[in-house]
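Written out below as structure tokens is the structure these notes cover.
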Amino acid sequence: MSLMILGTSSHVGKSIITAGICRILSNRGFSVAPFKSQNMSLNSYITEDGDEIGIAQAVQAFSARACPNVLMNPVLLKPKADSVSQIVLMGKPYKDISVSKYYRDTEFLLDKAVEAFNELSSRYDEIVVEGAGGAAEVNLYEKDIANILLAKKLRLPIILVADIERGGVFAQIYGTISLLPKDVRPLVKGIIINKFRGDKDLFDSGLKIIEELCKVPVLGVVPFTRLEIPDEDSLSLEDKIPTDSLIKIAVIRYSHIANFTDFSLLERAAHVEYVLPGTPLCDFDAVILPGTKNTVSDLKELIESKTAEEIIRCAEKGIPVIGICGGYQMMGESIFDNAIESDSVAEYKGLGLLPVRTEFLKYNKLTVQKTRTAEPVGPILSRMGTVHGYEIHSGVSKVFGQGCFTDEGAVSCGGIIFGTYLHGLFAESSAVDALMSYLCEVKDLPYSPVLHNGDPYEKLAAILEKNIDAEKIVELACSENQIDERRKHHNIENSDAKKQPLGKR
């Protein structure tokens, strides 16, 4: 058996609830994996095999104690321009397509998703399936491979997640269940209400009303909690509250920002703001140009908003400017586009901060995990050492000068300005410490190395165990035989432990 997690809308917390349930099942001895047939996100992850999947499924895999695999997210949509997305199919670029044409491939993509689910099911005891967006998009029922069509194919028990913080939770839940197709509605076996603030006892009467209206039990009310777990998409940028730090770092939030999860650890050490083009940068201690799904378009946005001039002035003042992936490409001297990033063949002038020229010649993409050692250049890179991350980019960059890593990137201005293709750099403690210790020195501030605060997935599981009926969810996800077998195994382990001398337990 397996379980399906659907939502009343986008951003209700399906991904985080799925991750928590994965850890709960793993803690009970089941081998478990996440699955999302179709994801739409510019935050992605590269597996050990070099396949690209949504960051949410990688996070859920870590929570499940599983190795991220392309089977966990067979279809990934990456918005590229107005009404156009790149389809990443089974981890590889498939084609760019408009929304109107995408649905012509519904049957083909659904078959691919079901094949991936079946293969994943052959490798794991349990699969926790996450839907996408809201489950009751009635105009899309004949095309919805992430929710309705998949639910009809798999016939799994469904848990519906609603977000009470947004208000209207009664309409969310009742409306969603009422609008589900008649053959899907009976599959809904429980409801989880997420992001609750305040005294839950005051909501007891509300829970009774929901259960009476919907004839489905509420399995728990989860409090609003901030966890150190990477976010799935740009909607979460609105929820970020910068850390109270005297070091302020600007991350440019252009229209096609991608993989902003790169800065999850840096956000704990510094006051990180995701600033829109046109925002003054004079009060920041460092500026980061993150990844982008469309380098040319976002470069134009920087120029038109005068942010390009602001970034150059920052560099001239000795303020560190750092580029990751597409941001690194923008910082170079020029970008030649063979109609890959835009509609025409053209060459564009970059910011001129790095001795780099980038060419987009073919519709292809490099996707690979990498471990690199920073060159001992300047006050930041010389402190960084060896770091791990991944590359995920189109285009080839030619460097006419010093690299910032042993075989990649570029650096200038004595190491204050540098760029790299290495995603995940500032999710590494050594990179965060290198940058932050330098910025603190400049402002004559003390700095303590950033520390990982334990296992966030265990913290998530503990919160869910406390606030939902975890045993009921285990019963829904697993067959009786599986549960009996695990209980028997657990009892044997406890019995053996009791027989051992205390010092050997």
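Numbering-wise (this note's numbering), the sequence shown opens with residue 1085 and increments by one.
Positions of the beta carbon are idealized from the N, C-alpha and C atoms, including for glycine.
As the structure is a prediction and not an experimental result, all values here were calculated from the model.
With burial defined as no fewer than 16 other Cβ atoms inside 10 Å of the residue's Cβ, what is the status of residue i: buried or exposed?
i, result
"cysteine 1366", "exposed"
"isoleucine 1293", "exposed"
"asparagine 1448", "exposed"
"threonine 1470", "exposed"
"cysteine 1151", "exposed"
"alanine 1202", "Sequence check: residue 1202 is asparagine here, not alanine. Exposed is the call here."
"valine 1452", "exposed"
"arginine 1107", "buried"
"arginine 1239", "exposed"
"glycine 1304", "buried"
"leucine 1445", "exposed"
"phenylalanine 1308", "exposed"
"proline 1158", "buried"
"asparagine 1223", "exposed"
"aspartate 1267", "exposed"
"alanine 1430", "exposed"
"glycine 1091", "buried"
"arginine 1207", "exposed"
"aspartate 1136", "Here residue 1136 is glutamate; the residue named in the question, aspartate, does not match the sequence. It is buried - the Cβ of glutamate 1136 has at least 16 other Cβ atoms within 10 Å."
Among the options, whose alpha-carbon lies nearest the alpha-carbon of residue i?
i, options, result
"lysine 1185", "Val1480, Ile1171 and Ile1501", "Ile1171"
"tyrosine 1432", "Leu1090, Asp1421 and Gly1538", "Asp1421"
"glutamine 1144", "Val1213, Gly1508 and Gln1486", "Val1213"
"valine 1198", "Ile1229, Lys1164 and Leu1271", "Ile1229"
"threonine 1379", "Leu1303, Ala1423 and Glu1210", "Ala1423"
"threonine 1391", "Glu1226, Ala1235, Ala1255 and Val1359", "Val1359"
"glycine 1251", "Glu1136, Gly1290 and Leu1234", "Gly1290"
"leucine 1373", "Leu1438, Val1495, Phe1444 and Gly1503", "Gly1503"
"isoleucine 1313", "Ala1235, Val1558, Ala1554 and Gly1097", "Gly1097"
"valine 1558", "Gln1413, Gly1215 and Lys1273", "Lys1273"
"glutamate 1210", "Leu1544, Glu1385, Ile1419 and Met1156", "Met1156"
"phenylalanine 1119", "Gly1138, Ile1130, Gly1407 and Ser1110", "Gly1138"
"glycine 1462", "Gly1402, Tyr1412 and Ser1478", "Gly1402"
"alanine 1165", "Phe1287, Thr1131, Lys1299 and Ile1341", "Ile1341"
"phenylalanine 1344", "Asp1283, Cys1409, Arg1310 and Val1300", "Cys1409"
"leucine 1311", "Glu1555, Asp1539, Ala1554 and Asn1551", "Asp1539"
"glycine 1134", "Gly1175, Gly1113 and Arg1149", "Gly1175"
"tyrosine 1505", "Tyr1412, Ser1428, Ile1552 and Asn1153", "Tyr1412"
"phenylalanine 1368", "Ser1389, Ala1142 and Val1405", "Val1405"
"alanine 1515", "Ile1331, Leu1271, Gly1473 and Glu1221", "Gly1473"
"glycine 1113", "Asp1288, Leu1271 and Ala1148", "Ala1148"
Whole angstroms are fine: how far does the CA of residue j sit from the CA of residue i?
i, j, result
"leucine 1160", "serine 1128", "9 Å"
"cysteine 1524", "glutamate 1351", "15 Å"
"leucine 1297", "glutamate 1191", "35 Å"
"proline 1659", "serine 1339", "The displayed coordinates of the chain run from 1085 to 1589. Any statement about residue 1659 would go beyond what the structure contains."
"methionine 1124", "aspartate 1247", "20 Å"
"valine 1183", "methionine 1520", "43 Å"
"alanine 1140", "aspartate 1180", "22 Å"
"leucine 1529", "glutamate 1295", "55 Å"
"alanine 1334", "alanine 1370", "6 Å"
"lysine 1384", "methionine 1414", "10 Å"
"aspartate 1491", "glutamate 1443", "18 Å"
"isoleucine 1232", "serine 1262", "14 Å"
"valine 1534", "lysine 1236", "47 Å"
"serine 1418", "glycine 1508", "25 Å"
"serine 1526", "glycine 1375", "The question names serine, but residue 1526 is valine in the sequence shown. Roughly 27 Å separates the two Cα atoms."
"proline 1241", "isoleucine 1089", "9 Å"
"lysine 1482", "valine 1440", "6 Å"
"leucine 1560", "serine 1086", "8 Å"
"alanine 1103", "glutamine 1486", "42 Å"
"arginine 1188", "alanine 1200", "20 Å"
"isoleucine 1476", "leucine 1438", "20 Å"
"arginine 1397", "glutamate 1357", "19 Å"
"proline 1163", "leucine 1126", "7 Å"
"leucine 1193", "glutamine 1122", "9 Å"
"glutamate 1393", "lysine 1299", "60 Å"
"alanine 1399", "isoleucine 1501", "7 Å"
"asparagine 1278", "asparagine 1551", "10 Å"
"phenylalanine 1287", "valine 1253", "12 Å"
Could you name the residues that DSSP lists as bridge partners for residue i?
i, result
"histidine 1477", "Leu1450"
"methionine 1124", "Leu1161"
"isoleucine 1396", "Paired residues: none, contrary to the question."
"arginine 1079", "Nothing in the structure corresponds to residue 1079, since the chain is present only between 1085 and 1589."
"glutamate 1492", "Phe1489"
"tyrosine 1432", "Ile1419"
"glutamate 1443", "Phe1420 and Val1480"
Exercise for the section: Please list the segments of the beta strand (DSSP E) lying wholly inside the region 1162 to 1231, counting only runs of 3 or more residues, in order along the chain. Expected result: 1168 to 1173, 1176 to 1182 and 1210 to 1214
Handout entry: beta strand (DSSP E) segments (min. 3 residues) lying fully within the region 1490 to 1526
Key = 1494 to 1496 and 1501 to 1504
Handout entry: beta strand (DSSP E) segments (min. 3 residues) lying fully within the region 1229 to 1295
Key = 1242 to 1247 and 1272 to 1280
Exercise for the section: Counting only runs of 4+ residues fully inside the region 1096 to 1143, write out the alpha helix (DSSP H) ranges in chain order. Expected result: 1098 to 1111
Practice task
Within the region 1342 to 1374, note down every full beta strand (DSSP E) run reaching 3 residues or more, in order along the chain.
Solution key: Runs of the beta strand (DSSP E) inside the region 1342 to 1374: 1355 to 1359 and 1370 to 1373.
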